[in-house]
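Residue numbers (the working numbering): 182 to 594.
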């Protein structure tokens, strides 16, 4: 029992520190002017700029959407066109798109119609691909609520242009609009995924910023895959991995995601979706996540040991180990804090880190009991492999409690 308890606490510290240590260079590469030198060497595209098609599925109306869409149309890459896709012509996003593209020659808006056999996002992406000009050689898939730096597109496609990869992915960094616990907790959750993107053997394409050779996309049947799947990025990753095709992370292709007024419900819904996608597409990885979930309970075990020791209900070694763990966790959490630009007070950051661990455990546990995925006003019944068995539409409740400067959390991913 002693050894098991101490080992649990030790591994509970090793997990967050290992993620930080292995992924910190990648995350810092997303800071302006801090891209790794080897990656920066691939950026010069002046000698060759194959045509790129950027597809952006969108829905809803958030205060940040207009600026985010404009950033995707103000890229330094010299040869690209953008296609914005909505489900119908009455979506609130249509008005925003029309204002954004009215002076742009390299952008258009199309309507995809309602999905019946796959997720609406996949349906929109496929409609965008079908509408692309045959001359386009590289496909780029982006989300509509992330702000892209001017060199984002050039950096994202440069390894493909130079022949060093056939698929690349960027990521995003949360810019918090407040210091409320759910907002900072979501920041920590996103940062954890960002760090893991820098660990080569677990890197996966992120649907908000993925580029792929059009030839590879078509030759490997991604259209057919997406036409019956609930998720774009995870399903494509697993499918292409079977063909020996891996994604290359591009640290400098880092978008910014302004959020604020996040609720625990919105945070829970977003994180549960991410874990659910792993469950249906990578069941072995998801099952192994039980170990990770247990290790994420280490702060709770340590706190319990400290409290029990104070009341005289636990042996001294457990109390000492509990205090040592909490001190170590504090140090590691402050290491993570060095990976953000914002000056967030320590007394707000530490609770957010603890809450992120607890939320991950809760979301993971809840994925054991359902094969239904509610997302943007639609409920998907999903089978193994991510295949959609049925689609049910229902009225989408509006969110009005958020400040004007922030995006609605449920609309971000």
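We put the CB at the ideal spot given by N, CA and C, even for glycine.
Would you call the CB atoms of residue i and residue j closer than 9 Å?
{"i": "residue 308", "j": "residue 572", "result": "no"}
{"i": "residue 476", "j": "residue 192", "result": "yes"}
{"i": "residue 334", "j": "residue 257", "result": "yes"}
{"i": "residue 421", "j": "residue 428", "result": "yes"}
{"i": "residue 246", "j": "residue 254", "result": "no"}
{"i": "residue 248", "j": "residue 323", "result": "no"}
{"i": "residue 432", "j": "residue 207", "result": "yes"}
{"i": "residue 456", "j": "residue 545", "result": "yes"}
{"i": "residue 185", "j": "residue 499", "result": "no"}
{"i": "residue 606", "j": "residue 197", "result": "A question about residue 606 goes unanswered here, because the residues of the chain that appear run from 182 up to 594."}
{"i": "residue 356", "j": "residue 244", "result": "no"}
{"i": "residue 318", "j": "residue 386", "result": "no"}
{"i": "residue 525", "j": "residue 360", "result": "yes"}
{"i": "residue 436", "j": "residue 329", "result": "yes"}
{"i": "residue 314", "j": "residue 273", "result": "no"}
Looking only at its own chain, which residues have a Cβ that is under 7 Å from the Cβ of residue i, when we skip the five neighbours before and after it?
{"i": "residue 510", "result": "194, 480"}
{"i": "residue 409", "result": "298, 299, 568, 569"}
{"i": "residue 548", "result": "453, 456, 457, 460"}
{"i": "residue 380", "result": "203, 204"}
{"i": "residue 563", "result": "411, 461, 552, 554, 569, 570"}
Per DSSP, which one or two residues make a beta bridge with residue i?
{"i": "residue 238", "result": "266"}
{"i": "residue 289", "result": "264"}
{"i": "residue 304", "result": "DSSP lists no partner for residue 304."}
{"i": "residue 467", "result": "Residue 467 pairs with nothing; no bridge assigned."}
{"i": "residue 565", "result": "For residue 565, which the question treats as bridged, DSSP gives no partner whatsoever."}
{"i": "residue 328", "result": "437"}
{"i": "residue 349", "result": "392, 429"}
{"i": "residue 357", "result": "440"}
Can you give me the Cβ contacts of residue i inside the same chain, cut-off strictly under 6 Å, excluding the 5 residues immediately before and after it?
{"i": "residue 219", "result": "In this prediction, residue 219 has a pLDDT of 49, which is less than 50 and means its spatial position is unreliable; what the coordinates show is noted afterwards. Counting only Cβ-Cβ distances below 6 Å, and skipping sequence neighbours, we find nothing."}
{"i": "residue 537", "result": "366, 369, 370"}
{"i": "residue 251", "result": "281"}
{"i": "residue 346", "result": "340, 429"}
{"i": "residue 415", "result": "458, 462"}
{"i": "residue 467", "result": "459, 460"}
Short of 8 Å in beta carbon distance, which residues of its chain neighbour residue i, apart from the five on each side in sequence? Order them along the chain.
{"i": "residue 542", "result": "474, 477, 478"}
{"i": "residue 527", "result": "515, 518"}
{"i": "residue 406", "result": "416, 417, 420"}
Extract the residue ranges of the alpha helix (DSSP H) inside the segment 386 to 426, only unbroken runs of 4 or more that lie entirely within it. 395 to 400, 403 to 407, 414 to 422
Three-pair Cβ contact test at 8 Å for the segment 366 to 383 versus the segment 299 to 312: no
Three CB pairs or more closer than 8 Å across the segment 228 to 237 and the segment 263 to 279: yes
Within 8 Å, do at least three Cβ pairs link the segment 437 to 455 to the segment 484 to 504? no
Can at least three beta-carbon pairs, one atom from the segment 272 to 281 and one from the segment 528 to 542, be found at a separation below 8 Å? no
Could you tell me which whole beta strand (DSSP E) segments of length 3 or greater appear in the segment 425 to 458? 429 to 440
Does the contact criterion of 3 or more C-beta pairs under 8 Å hold for the segment 334 to 354 versus the segment 450 to 461? no
Using a Cβ distance threshold of 8 Å, determine whether the segment 396 to 403 contacts the segment 282 to 292, with at least three qualifying pairs required. no
With a floor of 3 residues, list each beta strand (DSSP E) that falls wholly inside the segment 514 to 578, ordered by position along the chain. 553 to 556, 559 to 563, 569 to 574
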